[in-house]
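Note that the UniProt record's numbering has the sequence shown beginning at 1, numbered continuously upward. Virtual Cβ for every residue (Gly too), placed ideally from N, Cα, C. On a predicted model such as this, the values are computed, not experimentally measured, just so you know. All remarks here apply to the structure that follows.
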Amino acid sequence: MRSILLLIALVCYTRVFTQDLPVEQLETYRHRQLVPAIGQHQLQALYPVAPSTHPSERATIANEVYEQLNLQEKFTYHLTYREAFKANCSYPYDLGNPNKRIYAHLQGFINEYDWSDKQHDFFKENRDSCVKYLVAEYNLQGYWGLNCKKLVVELGALELIPVLLAGYEKQPGDHDYLTACLELMNSSGFLKKWDVDLYTTLYNDQPFKSSISYTTRNEQRIVQLAKNYYELTIKNVK
């Protein structure tokens, strides 16, 4: 845990303001993916490559090639290439100007593909390594894309809340950093216990369509809740 915080401290926090971007540009910004600098050059030539045998799946890397990759290269492949088709109807995100909203859930990937069961299993089986690689990429590139934020939620990676908050401090218009914090707090039951009004608004009625107005008060409310959640949980672990 201490090593994660030390790595974060090495980042130069140049604030990137996105609040004033036009809606279309902001949507593109919110959908951007992080491509790991570590291992990406070796993998660019490998996408994809074995034809799909199932209509709901995408072409995948050939098994014999995949097995020759090291763990970091496999992480890069899974983070950046999604193997399963998933209709966008699962993510009904037409909720107005994202400059003015904080959403209950992260949006879906833009091209209707998502991680396959095999890829979900990889992330879970290699959780600690995935956390380490995510922190390394943040410190190297200075931000997390949608794929990284979704993976943090997928892993239930509470220990990465300081990175999410650092990312938001650096890019205060990217409310998806706050959304990822909200999802972590909701999945653990913390949000319902510590802020029932916020929980009810975001998750108790129409969770996949819910959002709250972006205000300084709501921003500070979520940031403080996330800090409290992190500190209380870390104390319990110790």
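Could you check the C-alpha separation between Y229 and Q119 for me, to the nearest Å? 28 Å
Is R82 helix, strand or coil by DSSP? coil
Is the stretch 98 to 110 touching the stretch 61 to 73 in the sense that three or more CB pairs, one from each, lie closer than 8 Å? no
If you count every other CB in all the chains shown that lies within 10 Å of the CB of V153, and 16 or more means buried, which is it? buried
Buried versus exposed call for L140 [16 or more other C-beta atoms within 10 Å across all chains shown]: exposed
Could you tell me the distance, in whole angstroms, from the CA atom of T233 to the CA atom of A45? 42 Å
Using alpha carbons as the reference points, say which of N70, T200, V35 lies closest to S129. N70
Neighbour-count burial assignment, D114, 16 or more Cβ in a 10 Å radius: buried
Work out the CA separation of Q220 and Y138 for me, nearest whole Å. 23 Å
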